[in-house]
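Participant: Going by the working numbering, the letters in the sequence shown line up with residues 1 to 246, in that order.
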Amino acid sequence: MKSVYLLLSNTGTITNQAIKAFTQAPYNHASLSLDKNMKRLYSFGRRRPTNPFWGGFVQEDLVEGTFSWYPYATCAVYELKMTRRKYQKLERLLKAFAKNYKTYFYNYLGLLGVPTNQPIHVKSSYFCSQFVAEVLKRSGSSLFSKTSALVTPEDFRDHQDLQLIYEGPLYEYPHLYSRPYYHPKKYKSFPFRRYMKQQVKSEVLGIHEENGELYQFRDGFIKPKKILISRKWYRIRKILNLPKFL
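1. Relative to the alpha-carbon of V132, which residue among H175, A73, R48 and Y78 has its alpha-carbon at the smallest distance?
2. Does the stretch 87-96 come within contact of the stretch 67-75, defined as at least 3 CB pairs closer than 8 Å?
3. Here's a check: name, in chain order, each residue in its chain whose Cβ is nearer than 6 Å to the Cβ of M1, leaving out the five neighbours to either side.
4. Please state whether the Cβ-Cβ distance between F44 and V58 is less than 8 Å.
5. Can we say the stretch 115-123 touches the stretch 94-104, given the rule of at least three CB pairs closer than 8 Å?
6. From which residue to which residue does the alpha helix (DSSP H) around E79 run?
7. Note down, in chain order, each residue of its chain lying with its Cβ closer than 7 Å to the Cβ of K86, except the 5 sequence neighbours on either side.
8. State the start and end residues of the unbroken alpha helix (DSSP H) segment that holds S129.
9. What residues in its chain sit with their C-beta under 8 Å from that of P169, if we drop five residues either side in the sequence?
10. V151: which of Y104, P26 and Y126 sits nearest, CA to CA?
11. Since P169 is in the beta strand (DSSP E), which residue starts that stretch and which ends it?
12. Take Y27 as the anchor and find which of R40, K39 and S9 has the nearest alpha-carbon.
13. Ignore the nearest five residues each way along the sequence and tell me which others in R48's own chain have a CB closer than 7 Å to its CB.
14. Opposite V122 in the DSSP bridges: which residues?
15. Under a Cβ-count criterion, where at least 16 other Cβ atoms within 10 Å of its own Cβ denotes burial, should A30 be classed as buried or exposed?
16. One question on the structure: do Y104 and S129 come within less than 8 Å of each other, judged by their Cβ atoms?
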């Protein structure tokens, strides 16, 4: 027997919060992993962290991908056992998706059909839970009698064939393949110099480790630039004795 793992998550994004307000469910994103440490993690979602409207098939990365922008994400991890033959078929299906990832898109219309119980199928398009249910069905591990276009992340939580192995903060998941990371909110002021030094090492020199640990920042270049500019303006305002509202 082999095991695959379902990751249900809540990142706290605006889109996620909007769905959560409607569904009242704790988790509104579903992903499928071929291993326990979430290194081979697949779903349908945003292809770039900054663009929620450009979605499709993605191999998700908890260290450097979209998830890494939301260090307070919560999750539930479920284990599903299947035969070796079904596991191998699932692997082949996911490889086919990955090979032709540009032809797949996010099924935004399909989301509208779920609350009305009217499945909306769009060619080469899936939303996250639809994708997970569909590839499991095609591999021979069908979990639901209803069409995949009506499956929600909440449906997985109640399924008897799925065993809950972890629930809590995503980055406290004990089997995560790479856990050490910088957390900007730990600092009273963002460590801009340390951040830039790390970026030069990783992006220019290709060095990703320091003292045997992998360091990652979560906020891109936008936040430190804003902080740097605001600090300079504070100094100018202080020197010129300008009023605080400027």
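Here a beta-carbon is modelled for each residue, glycine too, at the ideal position from N, C-alpha and C.
This structure is a prediction, so every number in the text was calculated from the model and none was measured.
Facilitator: Per the coordinate set shown:
1. Counting from 1 along the sequence shown, the entry for residue 132 is found at position 132. V132 has its Cα closest to that of Y78, out of H175, A73, R48 and Y78.
2. no
3. Along the sequence shown, one-based indexing puts residue 1 at 1. Only K81 meet the Cβ criterion.
4. Position 44 of the sequence shown, counted from the first residue, corresponds to residue 44. Position 58 of the sequence shown, counted from the first residue, corresponds to residue 58. Their beta carbons are under 8 Å apart, which means F44 touches V58 by this criterion.
5. no
6. Within the sequence shown, the letter at position 79 stands for residue 79. E79 -> not in any alpha helix (DSSP H); beta strand (DSSP E) instead, spanning T74 to M82.
7. Taking the first residue of the sequence shown as position 1, residue 86 is located at position 86. Closer than 7 Å at the Cβ level, and outside the excluded window around K86, lie S139, G140 and S141.
8. Locating residue 129 in the sequence shown gives position 129, counting from the first residue. It spans C128 to R138 - the alpha helix (DSSP H) in which S129 sits, taken as one unbroken run.
9. Stepping through the sequence shown from its first residue, residue 169 is reached at position 169. Correct list, in chain order: Y72, A73, T74 and C75.
10. Within the sequence shown, residue 151 is the residue found at index 151, counting from 1. When each option's Cα is compared against that of V151, the closest is Y126.
11. Here residue 169 corresponds to residue number 169 of the sequence shown, with the count starting at 1. Note, P169: beta strand (DSSP E), Q163 to P169.
12. The sequence position of residue 27 within the sequence shown is 27, counting from 1. Among R40, K39 and S9, the Cα nearest to that of Y27 is on S9.
13. Position 48 of the sequence shown, counted from the first residue, corresponds to residue 48. For R48, where only same-chain residues beyond five positions count, the Cβ hits under 7 Å are W54.
14. For this step, residue 122 is matched to residue 122 along the sequence shown. Answer is none; V122 lacks a bridge partner.
15. For this step, residue 30 is matched to residue 30 along the sequence shown. With a 10 Å radius around the Cβ and a threshold of 16 neighbouring Cβ atoms, A30 comes out buried.
16. Counted from its first residue, the sequence shown places residue 104 at position 104. Counted from its first residue, the sequence shown places residue 129 at position 129. Not a contact, by the Cβ cut-off of 8 Å.
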